[in-house]
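Residue numbers (the working numbering): 943 to 1227.
Glycine included, each C-beta is placed from N, C-alpha and C at the ideal position.
Just so you know, these numbers come straight off a predicted model, no measurement behind them.
Reviewing the structure listed below.
In C-alpha coordinates, the structure reads:
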(Lines of atoms letter the chains of each structure in order from A and count residues from 1; the text may use other names and numbers.)
(Lines give C-alpha, C1' and ligand atoms only; values in the text may rest on other atoms or scores of the structure.)
Protein backbone atom coordinates (compact mmCIF):
# COMPACT_ATOMS: atom_id res chain seq x y z
CA UNK A 1 0.00 0.00 0.00
CA UNK A 2 1.48 3.32 -1.07
CA UNK A 3 2.11 6.22 1.26
CA UNK A 4 -0.44 8.34 -0.66
CA UNK A 5 -3.18 5.72 -0.22
CA UNK A 6 -2.41 5.46 3.52
CA UNK A 7 -2.62 9.23 3.90
CA UNK A 8 -5.99 9.24 2.12
CA UNK A 9 -7.35 6.47 4.38
CA UNK A 10 -6.20 8.31 7.51
CA UNK A 11 -7.92 11.47 6.18
CA UNK A 12 -11.24 9.64 5.69
CA UNK A 13 -10.99 8.08 9.18
CA UNK A 14 -10.31 11.56 10.61
CA UNK A 15 -13.41 13.01 8.94
CA UNK A 16 -15.62 10.17 10.10
CA UNK A 17 -14.33 10.29 13.67
CA UNK A 18 -14.77 14.07 13.75
CA UNK A 19 -18.46 13.83 12.89
CA UNK A 20 -19.07 10.79 15.09
CA UNK A 21 -17.65 12.75 18.05
CA UNK A 22 -20.06 15.58 17.23
CA UNK A 23 -22.91 13.05 17.17
CA UNK A 24 -22.01 11.62 20.62
CA UNK A 25 -21.33 14.93 22.38
CA UNK A 26 -23.21 15.26 25.66
CA UNK A 27 -23.56 19.02 25.21
CA UNK A 28 -26.18 20.57 22.97
CA UNK A 29 -24.96 23.57 21.00
CA UNK A 30 -24.73 24.96 17.51
CA UNK A 31 -21.46 25.31 15.67
CA UNK A 32 -18.92 27.68 17.23
CA UNK A 33 -18.84 29.98 14.18
CA UNK A 34 -21.31 31.00 11.52
CA UNK A 35 -25.10 30.82 11.66
CA UNK A 36 -27.67 28.05 11.30
CA UNK A 37 -31.27 28.70 10.24
CA UNK A 38 -33.49 25.71 10.95
CA UNK A 39 -36.92 26.02 9.28
CA UNK A 40 -39.96 23.88 10.07
CA UNK A 41 -41.21 23.47 6.51
CA UNK A 42 -44.32 24.75 4.76
CA UNK A 43 -44.15 28.13 3.04
CA UNK A 44 -40.82 29.74 3.90
CA UNK A 45 -41.82 33.31 4.62
CA UNK A 46 -40.11 36.41 3.29
CA UNK A 47 -38.73 37.37 6.71
CA UNK A 48 -37.00 33.99 7.06
CA UNK A 49 -35.50 34.24 3.56
CA UNK A 50 -34.41 37.79 4.34
CA UNK A 51 -32.63 36.49 7.44
CA UNK A 52 -30.84 33.89 5.32
CA UNK A 53 -29.86 36.47 2.70
CA UNK A 54 -28.53 38.90 5.30
CA UNK A 55 -26.34 36.26 6.94
CA UNK A 56 -25.14 35.07 3.52
CA UNK A 57 -23.86 38.54 2.64
CA UNK A 58 -26.81 40.43 1.20
CA UNK A 59 -26.17 41.65 -2.34
CA UNK A 60 -22.84 39.78 -2.42
CA UNK A 61 -24.35 36.47 -1.26
CA UNK A 62 -23.06 33.41 -3.06
CA UNK A 63 -25.26 30.45 -2.23
CA UNK A 64 -25.36 26.72 -2.88
CA UNK A 65 -28.81 25.11 -2.95
CA UNK A 66 -28.87 21.37 -2.20
CA UNK A 67 -32.17 19.78 -3.35
CA UNK A 68 -31.03 16.19 -2.71
CA UNK A 69 -33.81 15.46 -0.17
CA UNK A 70 -36.39 15.83 -2.93
CA UNK A 71 -34.48 14.39 -5.91
CA UNK A 72 -35.63 11.08 -7.41
CA UNK A 73 -33.80 9.54 -10.39
CA UNK A 74 -31.59 12.67 -10.59
CA UNK A 75 -34.46 14.77 -11.95
CA UNK A 76 -34.10 18.43 -10.94
CA UNK A 77 -35.97 21.44 -12.32
CA UNK A 78 -32.99 23.76 -11.88
CA UNK A 79 -34.61 26.78 -13.54
CA UNK A 80 -37.66 26.64 -11.29
CA UNK A 81 -35.52 26.04 -8.22
CA UNK A 82 -33.25 28.98 -9.00
CA UNK A 83 -36.27 31.21 -9.65
CA UNK A 84 -37.59 30.47 -6.14
CA UNK A 85 -34.40 32.01 -4.72
CA UNK A 86 -34.06 34.81 -7.28
CA UNK A 87 -37.39 36.25 -6.16
CA UNK A 88 -35.78 36.83 -2.75
CA UNK A 89 -32.89 38.79 -4.29
CA UNK A 90 -30.27 36.07 -4.76
CA UNK A 91 -28.27 36.34 -7.99
CA UNK A 92 -25.33 33.94 -7.50
CA UNK A 93 -26.93 30.51 -7.11
CA UNK A 94 -25.43 27.06 -7.64
CA UNK A 95 -27.58 23.92 -7.58
CA UNK A 96 -25.58 21.03 -6.13
CA UNK A 97 -26.83 17.46 -5.92
CA UNK A 98 -25.45 13.97 -5.53
CA UNK A 99 -26.67 10.69 -4.10
CA UNK A 100 -23.18 9.24 -4.33
CA UNK A 101 -20.74 9.99 -1.49
CA UNK A 102 -17.78 9.27 -3.78
CA UNK A 103 -18.91 12.23 -5.90
CA UNK A 104 -19.19 14.38 -2.75
CA UNK A 105 -15.48 13.65 -2.18
CA UNK A 106 -14.39 15.12 -5.52
CA UNK A 107 -12.72 18.52 -5.60
CA UNK A 108 -14.62 19.78 -8.63
CA UNK A 109 -17.92 18.92 -6.93
CA UNK A 110 -17.13 20.68 -3.64
CA UNK A 111 -15.60 23.79 -5.28
CA UNK A 112 -18.91 25.74 -5.10
CA UNK A 113 -19.15 25.03 -1.34
CA UNK A 114 -15.59 26.31 -0.86
CA UNK A 115 -16.58 29.57 -2.54
CA UNK A 116 -20.05 29.95 -1.02
CA UNK A 117 -21.25 32.25 1.74
CA UNK A 118 -24.41 30.23 2.34
CA UNK A 119 -25.99 26.80 1.83
CA UNK A 120 -29.69 25.99 1.68
CA UNK A 121 -31.07 22.43 2.01
CA UNK A 122 -34.56 22.02 0.58
CA UNK A 123 -37.27 19.73 1.92
CA UNK A 124 -38.01 16.12 1.05
CA UNK A 125 -36.59 13.04 2.77
CA UNK A 126 -33.62 13.71 5.02
CA UNK A 127 -32.05 10.26 4.62
CA UNK A 128 -31.26 11.11 0.99
CA UNK A 129 -29.01 13.97 2.17
CA UNK A 130 -27.28 11.63 4.62
CA UNK A 131 -26.70 9.05 1.87
CA UNK A 132 -25.08 11.60 -0.42
CA UNK A 133 -23.12 13.82 1.95
CA UNK A 134 -22.52 12.31 5.41
CA UNK A 135 -18.80 12.00 6.31
CA UNK A 136 -17.59 13.24 2.92
CA UNK A 137 -15.26 16.06 1.91
CA UNK A 138 -18.36 18.09 1.01
CA UNK A 139 -19.62 17.60 4.58
CA UNK A 140 -16.30 18.82 5.94
CA UNK A 141 -16.43 21.87 3.66
CA UNK A 142 -19.80 22.77 5.18
CA UNK A 143 -18.14 23.10 8.57
CA UNK A 144 -15.41 25.22 6.97
CA UNK A 145 -18.11 27.48 5.51
CA UNK A 146 -19.38 28.03 9.05
CA UNK A 147 -15.81 28.59 10.25
CA UNK A 148 -15.49 31.55 7.89
CA UNK A 149 -18.75 33.07 9.13
CA UNK A 150 -21.18 31.67 6.57
CA UNK A 151 -24.73 30.44 7.04
CA UNK A 152 -26.38 27.06 6.56
CA UNK A 153 -30.18 26.98 6.31
CA UNK A 154 -32.67 24.26 5.58
CA UNK A 155 -36.40 23.66 5.59
CA UNK A 156 -38.29 20.51 6.62
CA UNK A 157 -35.84 17.68 5.78
CA UNK A 158 -33.24 20.45 5.52
CA UNK A 159 -33.99 21.31 9.16
CA UNK A 160 -33.81 17.80 10.58
CA UNK A 161 -30.55 16.98 8.78
CA UNK A 162 -28.79 19.77 10.70
CA UNK A 163 -29.12 17.88 13.97
CA UNK A 164 -26.89 15.14 15.29
CA UNK A 165 -29.69 12.56 15.56
CA UNK A 166 -31.73 12.07 12.37
CA UNK A 167 -35.40 12.01 13.32
CA UNK A 168 -37.73 10.43 10.73
CA UNK A 169 -34.69 9.02 8.96
CA UNK A 170 -36.32 5.82 7.78
CA UNK A 171 -36.08 5.27 4.03
CA UNK A 172 -39.44 3.48 3.83
CA UNK A 173 -41.78 5.76 5.78
CA UNK A 174 -41.48 9.25 7.26
CA UNK A 175 -43.81 8.31 10.13
CA UNK A 176 -41.06 6.14 11.65
CA UNK A 177 -39.17 8.33 14.12
CA UNK A 178 -36.19 6.00 14.60
CA UNK A 179 -35.43 4.36 11.29
CA UNK A 180 -32.60 2.96 9.21
CA UNK A 181 -30.75 6.33 9.14
CA UNK A 182 -30.04 7.84 12.56
CA UNK A 183 -27.07 10.20 12.04
CA UNK A 184 -27.50 13.76 10.83
CA UNK A 185 -24.87 16.23 9.61
CA UNK A 186 -24.31 17.36 13.20
CA UNK A 187 -24.18 21.14 12.86
CA UNK A 188 -26.03 21.12 16.20
CA UNK A 189 -24.82 18.51 18.68
CA UNK A 190 -26.85 16.19 20.92
CA UNK A 191 -30.22 17.10 19.42
CA UNK A 192 -33.15 15.68 17.47
CA UNK A 193 -35.11 18.11 15.29
CA UNK A 194 -38.64 17.56 13.97
CA UNK A 195 -40.64 19.74 11.57
CA UNK A 196 -44.27 20.51 10.54
CA UNK A 197 -45.06 19.70 14.18
CA UNK A 198 -48.28 21.65 14.78
CA UNK A 199 -49.56 21.62 11.20
CA UNK A 200 -49.36 17.81 11.19
CA UNK A 201 -50.13 17.17 14.88
CA UNK A 202 -46.67 15.71 15.49
CA UNK A 203 -46.19 17.21 18.94
CA UNK A 204 -46.11 13.83 20.72
CA UNK A 205 -43.91 12.00 18.20
CA UNK A 206 -40.62 13.25 19.67
CA UNK A 207 -41.14 11.16 22.80
CA UNK A 208 -40.52 8.02 20.72
CA UNK A 209 -36.90 9.15 20.35
CA UNK A 210 -36.42 10.65 23.79
CA UNK A 211 -37.59 7.52 25.61
CA UNK A 212 -34.66 5.65 24.07
CA UNK A 213 -32.24 8.57 23.91
CA UNK A 214 -33.04 10.76 26.94
CA UNK A 215 -29.71 12.56 26.64
CA UNK A 216 -30.93 14.37 23.51
CA UNK A 217 -32.63 17.75 23.43
CA UNK A 218 -35.78 17.54 21.35
CA UNK A 219 -36.97 20.46 19.26
CA UNK A 220 -40.05 20.58 17.04
CA UNK A 221 -40.51 23.47 14.63
CA UNK A 222 -43.81 24.36 13.01
CA UNK A 223 -44.30 25.50 9.42
CA UNK A 224 -43.24 29.03 8.37
CA UNK A 225 -41.16 29.21 11.56
CA UNK A 226 -37.43 28.91 12.23
CA UNK A 227 -34.74 29.08 14.85
CA UNK A 228 -31.61 31.13 14.16
CA UNK A 229 -28.72 29.41 15.93
CA UNK A 230 -25.46 31.10 16.89
CA UNK A 231 -23.22 28.93 19.04
CA UNK A 232 -25.13 27.97 22.17
CA UNK A 233 -28.16 30.25 21.69
CA UNK A 234 -31.09 30.40 19.29
CA UNK A 235 -33.88 32.89 18.62
CA UNK A 236 -37.28 32.06 17.17
CA UNK A 237 -38.43 33.86 14.01
CA UNK A 238 -41.46 33.34 11.78
CA UNK A 239 -45.20 32.98 12.19
CA UNK A 240 -45.86 29.99 14.45
CA UNK A 241 -44.23 28.09 17.32
CA UNK A 242 -41.23 26.01 18.32
CA UNK A 243 -41.73 23.14 20.78
CA UNK A 244 -39.03 22.36 23.35
CA UNK A 245 -38.56 18.91 24.91
CA UNK A 246 -36.00 19.35 27.71
CA UNK A 247 -37.69 17.57 30.67
CA UNK A 248 -38.91 20.87 32.05
CA UNK A 249 -41.75 23.33 31.62
CA UNK A 250 -41.80 27.07 31.00
CA UNK A 251 -44.62 29.56 30.72
CA UNK A 252 -44.84 33.34 30.76
CA UNK A 253 -47.47 33.03 33.47
CA UNK A 254 -45.49 30.58 35.56
CA UNK A 255 -46.36 26.98 36.43
CA UNK A 256 -46.89 26.85 40.21
CA UNK A 257 -50.67 26.42 39.86
CA UNK A 258 -50.55 24.06 36.90
CA UNK A 259 -51.04 20.31 37.17
CA UNK A 260 -48.22 19.03 34.97
CA UNK A 261 -47.41 15.47 33.83
CA UNK A 262 -44.17 13.67 34.62
CA UNK A 263 -41.03 15.46 33.42
CA UNK A 264 -40.41 12.91 30.66
CA UNK A 265 -43.82 13.84 29.19
CA UNK A 266 -43.36 17.61 29.27
CA UNK A 267 -42.97 20.07 26.44
CA UNK A 268 -43.60 23.78 25.97
CA UNK A 269 -43.87 26.37 23.22
CA UNK A 270 -41.72 29.32 22.19
CA UNK A 271 -42.70 32.03 19.72
CA UNK A 272 -41.15 34.81 17.65
CA UNK A 273 -38.53 36.72 19.62
CA UNK A 274 -38.06 34.08 22.31
CA UNK A 275 -34.48 32.99 22.96
CA UNK A 276 -33.14 29.71 24.28
CA UNK A 277 -29.79 28.64 25.74
CA UNK A 278 -28.95 25.28 24.18
CA UNK A 279 -26.04 24.49 26.49
CA UNK A 280 -28.00 25.18 29.66
CA UNK A 281 -31.30 23.97 28.21
CA UNK A 282 -33.39 26.86 29.43
CA UNK A 283 -35.29 29.85 28.11
CA UNK A 284 -33.45 33.17 28.18
CA UNK A 285 -35.84 35.57 29.91
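Close beta carbons around residue i, own chain, < 8 Å, minus the five adjacent residues each side
| i | result |
| --- | --- |
| residue 1069 | 1108, 1111, 1112, 1113, 1121, 1122 and 1123 |
| residue 1071 | 1008, 1010, 1011, 1063, 1099, 1100, 1103 and 1127 |
| residue 963 | Reliability fails at residue 963, whose pLDDT of 41 lies under 50, so the model's placement of it is uncertain and no value is given. |
Sequence-distant residues of the same chain with beta carbon closer than 6 Å to residue i, five excluded per side
| i | result |
| --- | --- |
| residue 1220 | 970, 971 and 1174 |
| residue 1216 | 1178 |
| residue 1218 | 1176 and 1225 |
| residue 1027 | 1035 |
| residue 1079 | 1047 and 1052 |
| residue 1227 | none |
Neighbourhood of residue i by C-beta, 7 Å cutoff - its chain only, sequence neighbours within 5 removed
| i | result |
| --- | --- |
| residue 995 | 1003, 1030, 1031 and 1032 |
| residue 1213 | 1178 and 1183 |
Run of the beta strand (DSSP E) containing residue i, from where it starts to where it stops
| i | result |
| --- | --- |
| residue 1106 | 1105-1107 |
| residue 1177 | 1175-1180 |
| residue 1172 | 1167-1172 |
| residue 1224 | 1224-1226 |
| residue 1212 | 1210-1212 |
| residue 1011 | First-last for residue 1011: undefined, no H or E at that position. |
| residue 929 | Here the chain has residues from 943 to 1227 only, and residue 929 is not among them. |
Cβ-Cβ separation, residue j to residue i (assumed contact under 8 Å), whole Å
| i | j | result |
| --- | --- | --- |
| residue 1060 | residue 1097 | That pair is no contact at about 14 Å. |
| residue 1140 | residue 1161 | About 13 Å separates the two Cβ atoms, so there is no contact after all. |
| residue 1083 | residue 1055 | 4 Å |
| residue 984 | residue 1166 | 5 Å |
Segment limits, alpha helix (DSSP H) that includes residue i
| i | result |
| --- | --- |
| residue 989 | 988-998 |
Sub-8 Å separation of residue i and residue j beta-carbons
| i | j | result |
| --- | --- | --- |
| residue 1186 | residue 1176 | no |
| residue 979 | residue 1058 | no |
| residue 1151 | residue 1184 | no |
| residue 1037 | residue 1014 | no |
| residue 988 | residue 1171 | no |
| residue 1182 | residue 1210 | no |
| residue 1106 | residue 1077 | no |
| residue 1236 | residue 975 | Residue 1236 cannot be examined here, being either before or after the span of the chain that is shown, 943 to 1227. |
**Request:** Starting from the N-terminal side, write out each stretch of the alpha helix (DSSP H) that is 4 residues or longer and does not extend beyond the region 1106-1139.
**Result:** none
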